[in-house]
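Participant:
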Amino acid sequence: MLLELKFFKQMNLKYLPVVICLWIWSQSLAFSISDDGLMRITLKKRNLDFHSVNSARIKRAIHERDDLKSVEKNCCKNDVVYLKNYFDVQYFGEIGIGSPPQYFNVVFDTGSSNLWVPSSRCIFSIACYLHSKYRSGISSTYNEIGVPCEIPYDDGYIYGFFSQDNVKVGDIIVKDQEFSEITREGNFALLALPFDGILGLGFQDISVGKVTPVWYNMIEQGQILDKVFSIWLNKDPMAEKGGEIVFGGMDKSHFKGDHSYFPISQDGYWQIEVGDILLGNNTTGLCEGGCAAIVDSGTSLIAGPTGVVTQINHAIGTEGYVSFECKDIVHNYGNLIWENLISGLNPEILCVDIGLCSNNGIQRMNDVIETVVYNESRDGAATLESPFCSFCNNIVLWVQVQIKQSNVKEKVLKHVDELCERLPNPVGESFINCSSISSMPHITFTIGNKLFSLSPEQYVGRVESDDEDRSPVCYSSFVALDAPSPQGPLWVVGDIFLQAYHTVFDYANLRIGFAEST
């Protein structure tokens, strides 16, 4: 069965009969059966904005024994789990839960295994009011479980409880599927995300609570005959169709040639072994003896060892994420900072007055910059301080030093702008001069005895600015991720790679196949 994902909004309950009638009618429009027997629903893609690019990251892997104490201790065979925050997710689609179906937009994520959506019992989170919520009381097929659960993500956990109901994926109805109703998001910033939940396509080994994944139940209930699913992602932002996911087969119109298949190397994830990563024709060295790589549809990034990513980003002339935002503050606030300091304003409160720091506490900066700063609030609790506060305080310090040297404003601001370039990069995207893309090298992954190359046009992202006076922003899709041994060195291969290569996830033979996308 082929799934193309389409966006719907959940309607008010009093309109439910009308919604059901419209939904039945819409199926004749949204679904079409082709000669190959595959059923298609339109797949949605969003274009990333500047905030999404800035915020997206994959966190360094955590040790499960130390950090997942409240999760079932035997939920995963691996000792280490990597965490992400989904800010950069571009592809998502619709499923239905319950009878009649309640619709949700979810990310189909090969890097996780649980299905979760917001619950009607989520009443203390603003985010839940801006997303579709599952209401068990209106579903005739709901079964109560009620066991609490915690699912780890980049900035903490999301909290909820397990329930059971029918799940509709395309034209397949998976009966009695266990899933999580989320009642509290913790630090997970659901509010800013354009989707409601996650549908994991990973293995049961990494499923929180040992819950059987949706696609396992598709197989066990005889809904699909071939134990495979495949993913095609469309990079064209103007295309009506964002991509396709096919359960039980593949669409031959979306690739050319034959797939090259590689065995799964580690239980739990869709993980394979990769060899050397080539920068143009030059080796980067670290993975010549082999590195692990997780194929993850739940991120657009390609994350890998710092030693290799640094070589890549240096070769393509990146400008660090910290550097870019530091320069942005100089551009927008440099004159104001200069004028306030010249007029005698207390430098310790200048960034508070500007609005880049909170007034919970005055933070004194040294020459080591933190990308995230925690201040103490008045009640003693830790509050998250924006990284812009750190940049602003450093800029104030640098301008102060230059004023003492009696330098003129233009020279001072130019010098401060140059200092921004010397700030270290945190884990996150690095920015590129858009005009230099054509001169950048190809980056090639060696997998088995095959070479899988990415052109600059494929691995460089582009974000158009809403401000007509500002140029588009281009960024590298390569970010650093250092996983400890024995899991590392580790790559996480996201949508940038999947856009270039149609991918088959073959559960029957425990292998992954790649072919050039069309």
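One gets this note's numbering by counting positions in the sequence shown from 1 and adding 786 to each.
C-beta: ideal position from N, C-alpha, C; glycine also.
Note that this is a predicted model, so its numbers are computed, not measured.
If contact is defined by three or more beta carbon pairs under 8 Å, each pair taking one atom from either stretch, is the region 909–922 in contact with the region 1046–1059?
Facilitator: The region 1046–1059, when compared against the region 909–922, does not touch it at the 8 Å Cβ threshold.
Participant: What did DSSP end up calling residue 1155 once you bin it into helix, strand or coil?
Facilitator: Note that residue 1155 scores 26 on pLDDT, short of 50, meaning its location in the model is unreliable and no value can be drawn from it.
Participant: Identify the residues that DSSP records as bridge partners of residue 917: which are they?
Facilitator: Paired residue(s): none; residue 917 is not in a bridge.
Participant: Output needed for residue 814: all residues of its chain with C-beta closer than 8 Å, excluding positions within five of it in sequence on either side, in chain order.
Facilitator: Here the model assigns residue 814 a pLDDT of 38, short of 50, so the residue's position is not dependable, and the following value carries that caveat. The answer is none, since no qualifying residue turns up.
Participant: For residue 1063 and residue 1002, I'd like the C-alpha separation in whole angstroms.
Facilitator: Distance between the alpha carbons of residue 1063 and residue 1002 is about 33 Å.
Participant: Is it true that the CB of residue 969 sits closer than 8 Å to the CB of residue 907?
Facilitator: Cβ distance < 8 Å, so residue 907 and residue 969 count as in contact.
Participant: Hey, how far is the Cα of residue 1305 from the Cα of residue 1233?
Facilitator: In the structure as shown, the chain starts at 787 and stops at 1304, and residue 1305 therefore has no counterpart that could be examined.
Participant: Scan the region 1057–1142 and note each continuous beta strand (DSSP E) run of 3 residues or more that stays entirely inside, going in chain order.
Facilitator: DSSP runs (the beta strand (DSSP E)) wholly in the region 1057–1142: 1057–1060, 1063–1065, 1077–1081, 1088–1090.
Participant: Name the two residues that bound the continuous alpha helix (DSSP H) containing residue 1282.
Facilitator: 1281–1286 is the extent of the alpha helix (DSSP H) around residue 1282.
Participant: Kindly indicate which residue of 1265, 1082, 1118, 963 has the alpha-carbon position closest to the one of residue 1006.
Facilitator: The shortest Cα separation from residue 1006 among 1265, 1082, 1118, 963 belongs to 963.
Participant: Is DSSP giving residue 1047 helix, strand or coil here?
Facilitator: Correct three-state label for residue 1047: strand.
Participant: Would you call the region 1126–1135 and the region 1291–1299 in contact, with 3 or more CB pairs under 8 Å?
Facilitator: Too few Cβ pairs lie closer than 8 Å, so no.
Participant: If you check the beta carbons only, do residue 1010 and residue 971 fall under 8 Å apart?
Facilitator: Cβ distance not < 8 Å, so residue 1010 and residue 971 don't count as in contact.
Participant: Could you have a look at residue 876 and say whether DSSP puts it in helix, strand or coil?
Facilitator: Residue 876: coil per DSSP, three-state reduction.
Participant: Answer yes or no: do residue 1289 and residue 1016 have a C-beta to C-beta separation smaller than 8 Å?
Facilitator: For residue 1289 and residue 1016, yes; Cβs fall inside 8 Å.
Participant: Which residues in the same chain as residue 988 place their Cβ atom closer than 8 Å to its Cβ, once the five residues preceding and following it in sequence are excluded?
Facilitator: 895, 896, 897, 898, 899, 999, 1054, 1055, 1056.
Participant: At 4 residues or longer, and completely inside the region 995–1048: list those alpha helix (DSSP H) runs for me, N to C.
Facilitator: Within the region 995–1048, the complete alpha helix (DSSP H) runs of at least 4 residues are 1000–1006.
Participant: Buried or exposed for residue 1281, please, with buried defined as at least 16 other CB atoms from any protein chain shown within 10 angstroms of its CB.
Facilitator: With 16 or more Cβ atoms within 10 Å of its Cβ, residue 1281 is classed as buried.
Participant: Could you give the DSSP three-state label for residue 1250: helix, strand or coil?
Facilitator: Looking at residue 1250 - three-state DSSP - the assignment turns out to be coil, as it is neither helix nor strand.
Participant: I need the DSSP call for residue 951, collapsed to helix, strand or coil.
Facilitator: In this structure, residue 951 counts as strand in the three-state DSSP scheme.
Participant: Output the distance between the C-alpha atoms of residue 1244 and residue 954, rounded to the nearest integer angstrom.
Facilitator: Distance between the alpha carbons of residue 1244 and residue 954: 34 Å.
Participant: Starting from residue 1196 and walking both ways along the alpha helix (DSSP H), at which residues does that stretch end?
Facilitator: Residue 1196 -> alpha helix (DSSP H) spans 1195–1206.
Participant: Can you check DSSP and say which residues form a bridge with residue 831?
Facilitator: Residue 831 pairs with 877.
Participant: In or out: residue 1022 buried (at least 16 other Cβ within 10 Å) or exposed?
Facilitator: Classification for residue 1022: exposed.
Participant: Under 8 Å: do the region 980–987 and the region 878–891 share three or more Cβ pairs, one atom per stretch?
Facilitator: The answer is yes - the region 878–891 touches the region 980–987, with three or more Cβ pairs under 8 Å.
Participant: My output table needs one value for residue 957: the three-state DSSP class, helix, strand or coil.
Facilitator: Of the three classes helix, strand and coil, the one that applies to residue 957 here is coil, per DSSP.
Participant: Can you tell me the Cβ-Cβ gap for residue 1279 and residue 1088, rounded? I've got them flagged as a contact below 8 Å.
Facilitator: Residue 1279 to residue 1088, Cβ: 6 Å. Contact.
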